[in-house]
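Chemist: Below you will find the structure I want to go over with you.
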Amino acid sequence: MSDSQETVGSTPEAGAGATIRSGSGFVERVLARRELGVLLGFLVLFGLIAVTRPDIFFNWDSISGIFSRLLRQVSTYILIGVGMTYLIIGGEFDLSVGSMFAVGGIVFGILLTEQGMAVPLALLVVLLAGVFVGLTNGAIVTKAGVPSLITTIGMLSILRGVAFFLTPGGSRSVDQDLPLVQVFGGSRDVIGVEVTNQVFWALGILIVFGLLLQKTRFGYHVYAVGDDVEAASNSGINTDRVKIINFVITATLAALAGAISISYFGTMFGTAGSGFELLVIAAVVIGGTNLFGGEGTLLGTFLGALVIGVIPVLLVLNGFAVEIQEFLTGVVIIAAVLVDIFIRRRG
Amino acid sequence: MSSESIIGTRNLSKSFGSVQAVQDVTLDVAEGEVHALVGDNGAGKSTVIKMLCGVLEPSSGEILLRGEQTTFGNYNEARQAGIETVYQDLALAKAQTVAANVFLGHEAVRDDILGRLFGFVDEDYMIEEASKALDRVNIPIDPEAKVRNLSGGQQQAVAIARALQSDPDILIMDEPTSALSIEGVRNVLRVVNNLREQGITIVLISHNIRQVIATADRISVLAQGRLMGTRDAGETDREEIVSMMMGVEDTEEELEFVPGESTGDEATAGEEVA
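Those protein sequence lines, which keep their order, are chains A and B.
Residue 41 in the numbering used here sits at position 41 of the first sequence, and the numbers go up by one each step.
Residue 267 in the numbering used here sits at position 267 of the second sequence, and the numbers go up by one each step.
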């Protein structure tokens, strides 16, 4: 039987028709990608501004200002959405991110203004607060087995309470003239568009975490855990650890987003970030991340955030009231999930 | 083929509370053979293999690995001893690629600073190795295809390819052909033959007698937790195995048949043993 090795893998009839090649070329593969559809969706919505408000769209001063605000708003969704994408791919989610955003910004303001703490140290404390909240959420979900819906709604309420407690006068402020605060809150001119530093932070974090998700062992484990937690566990992956780290990433980035936000605006209210959780989850799902785990990309989340960001711009420019925006945002979220389920069922 | 026992049991028993799932099972699996473990539902097949691969602890009796008494504290200890198991549910992450599944949980890390510091995986290596592992089972599958787009037989092949990654001496396959198409069944049985040619000892759990007679070297029959006997596949027939499966007491339960596979030598569909 010593010659048996040579015969292995050489029988042409093996698994007739078994080879799974999609048979598609590069162009077809690109076209088949979910992200392209989301990009097109964004371009259509953005293009609608040109159709409905050509007076603004074709006026450089107006449109560059709109684009600048859009980028800043979207970058907040991206900062929080990076962690949320990890979490949802890994089979969990976090509804406390909006409150964490507020607590992060408010604590940053208190430490800088009231305590006179150095910016790097204050930032470290804010990030550690995020780590603590993430660890708490993760431990409750994985170790005690409480569903993330319950755990993070509870945390949403707790952190909002903390945010109100820390803002007896309604808000907290930072001195925006501090050079290191400028690193977060400043802005610069990029081909005639004022781009806030927050946008660069968001893009940097998006790229770094995108690489970690797509290219590292941990990233592979995130996908595996959300895809089939038992299969992952049977293969020796510490699934609780993966989920807890995802909760930590999410809460920490939400806290960072809060610190960056107060640096830009100079002030943060106790109500800041209310409703962000739904907007961010909508961005993630619109971007093609499977709400049930196992699939998704940060590129998709980036594009989904653009879609979520451009909708209110379009509505405001066309004179729709705030209530309609809320209403339509809800419709878009549910529609996105339904479309997502429909697409996946069709395979 | 050596006839030396590579893995065996001595008076192996397992009870769950008052239920005696396995009782006094003594059997030997010879090195390099395909040894089928057959029996009806509840005969104790799964319990025996779970003890062999470290998932369950025996209530009494011994497990012998190359003649020496062994205890596996858990699944990983059995793996380290060269015993891999492919479960019926395959334990695949179906939205991921074939290569990712072949390396699930032990992804290959790049041999550079990115790999060592941040755990960047070596995708080219994983794709290449997954491809080699699939060549070994002789079922050509694109390592970059998503598992959920594969047929049942191909998914089985991916699970087997993953099990082969640790270069096991013994491969335990739990009902590898259940829920497969005819083509899938043929592919998997061909894989079993390929692995035997590569010198891997296979313990094949099945309740499909005809497949087992066609594929295995020897067949051990379990009924109601007891070993009814072991036969050379070439020297037994379906009737004998069936009567052994009926075991201590007569039952009228339906036994398995090859789904629609028609070789012309006997009727297959709807066969029942009463």
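Note that the Cβ used here is the ideal one computed from N, Cα and C, for glycine as well.
Give the DSSP-derived three-state secondary structure of S68 of chain A in the structure shown.
Modeler: helix
Chemist: Mind checking if L65 of chain B is an interface residue toward chain A, Cβ cutoff 8 Å exclusive?
Modeler: no
Chemist: Ignore the nearest five residues each way along the sequence and tell me which others in S157 of chain A's own chain have a CB closer than 8 Å to its CB.
Modeler: S99
Chemist: Can you tell me whether V137 of chain B is helix, strand or coil according to DSSP?
Modeler: coil
Chemist: Along the chain, where does the alpha helix (DSSP H) containing N74 of chain B start, and where does it finish?
Modeler: Unbroken run through N74 of chain B: none, as it is neither H nor E.
Chemist: Just the chain A side, please: which residues come within less than 9 Å of K94 of chain B by C-beta, in chain order?
Modeler: D227, D228, A231, G294
Chemist: Do you know offhand how far G225 of chain B's Cα is from P176 of chain B's?
Modeler: So the alpha carbons of these two residues sit roughly 21 Å apart.
Chemist: In three-state DSSP terms, what is Q23 of chain B?
Modeler: strand
Chemist: Assuming V284 of chain A and M117 of chain A form a contact by the criterion Cβ under 8 Å, report the distance between their Cβ atoms to the nearest whole angstrom.
Modeler: That belief does not hold up - the Cβ atoms of V284 of chain A and M117 of chain A are roughly 33 Å apart, past 8 Å.
Chemist: Strictly under 8 Å for the Cβ-Cβ distance: is N246 of chain A near chain B by that measure?
Modeler: no
Chemist: Could you check the C-alpha separation between D340 of chain A and G119 of chain B for me, to the nearest Å?
Modeler: 32 Å
Chemist: So is R344 of chain A buried or exposed if we call it buried at 16+ other beta carbons inside 10 Å?
Modeler: Exposure of R344 of chain A is indicated by the presence of fewer than 16 other C-beta atoms within 10 angstroms of its C-beta.
Chemist: Please work out which residues of its chain come closer than 6 Å, Cβ to Cβ, to R21 of chain A, disregarding the five sequence neighbours upstream and downstream, and give them in chain order.
Modeler: Low per-residue confidence applies at R21 of chain A: pLDDT is 31, beneath 50, and the placement is therefore not dependable enough to give any value.
Chemist: Does the beta-carbon of P54 of chain A have 16 or more other beta-carbons within 10 angstroms, so that it is buried, or is it exposed?
Modeler: exposed
Chemist: Secondary structure at A259 of chain A, three-state DSSP: helix, strand or coil?
Modeler: helix
Chemist: Checking contacts by CB at 8 Å: is N197 of chain A closer than that to chain B?
Modeler: Chain B, which has no Cβ nearer than 8 Å to the Cβ of N197 of chain A, makes this no.
Chemist: What residue range is occupied by the uninterrupted alpha helix (DSSP H) comprising I205 of chain B?
Modeler: Premise fails: I205 of chain B lies in the beta strand (DSSP E), 201–206, not in any alpha helix (DSSP H).
Chemist: Please classify F342 of chain A: is it buried, with 16 or more other beta-carbons within 10 angstroms of its beta-carbon, or exposed?
Modeler: exposed
Chemist: Mind checking who I172 of chain B pairs with in its DSSP beta bridge?
Modeler: B:T85, B:V203
Chemist: Give the DSSP-derived three-state secondary structure of N11 of chain B in the structure shown.
Modeler: strand
Chemist: In chain order, what residues of the same chain lie with their CB nearer than 6 Å to the CB of N246 of chain A, ignoring the 5 residues before and after it?
Modeler: Setting aside the 5 residues that flank it on each side, N246 of chain A is surrounded in the same chain by Y86, L87, G90, each with a C-beta closer than 6 Å to its C-beta; the list follows chain order.
Chemist: Give a yes or no on whether 8 Å exceeds the smallest Cβ distance from F218 of chain A to chain B.
Modeler: Yes, contact with chain B.
Chemist: According to DSSP, simplified to helix, strand and coil, what is K146 of chain B?
Modeler: Note: K146 of chain B maps to strand in three-state DSSP.
Chemist: Kindly indicate which residue of A:E194, A:I237, A:G192, A:Q198 has the alpha-carbon position closest to the one of Q182 of chain A.
Modeler: A:Q198
Chemist: Quick check on Y86 of chain A - is its C-beta less than 8 Å from some C-beta in chain B?
Modeler: no
Chemist: Taking the C-alpha atoms as reference points, what is the distance between W60 of chain A and F46 of chain A?
Modeler: 15 Å
Chemist: Closer than 8 Å is the cut-off here; do at least three beta carbon pairs connect the region 185–202 of chain B with the region 155–166 of chain B?
Modeler: yes
Chemist: Please list, in chain order, all residues of the same chain as S64 of chain A whose beta carbon is under 7 Å from its beta carbon, the five residues on each side excluded.
Modeler: G192, V193
Chemist: Between A:Y77, A:E92, A:G185, which lies nearest to V349 of chain A when the distance is taken from Cα to Cα?
Modeler: The first residue shown for chain A is 1 and the last is 347, placing residue 349 of chain A beyond what the model contains.
Chemist: Rounded to the nearest angstrom, what separates N11 of chain B and V212 of chain B at their Cα positions?
Modeler: Within the model, the alpha-carbon separation for N11 of chain B versus V212 of chain B is close to 25 Å.
Chemist: May I have the straight-line CA-CA distance separating V131 of chain A from T9 of chain B, to the nearest angstrom?
Modeler: 51 Å
Chemist: Taking C-beta pairs closer than 9 Å, name the residues in chain A that V121 of chain B reaches, listed in chain order.
Modeler: K215, T216, R217, G219, Y220
Chemist: Going along chain B in order, which residues have a C-beta closer than 9 Å to the C-beta of L253 of chain A?
Modeler: Within 9 Å Cβ-Cβ: nothing; L253 of chain A doesn't reach chain B, min ~18 Å.
Chemist: At 8 Å on the CB atoms, spell out the chain B contacts of I237 of chain A, in chain order.
Modeler: L104, G105
Chemist: Verify whether the separation of the beta carbon atoms of G152 of chain B and S181 of chain B is less than 8 Å.
Modeler: yes
Chemist: Would a check of beta-carbon distances place V29 of chain B closer than 8 Å to chain A?
Modeler: no
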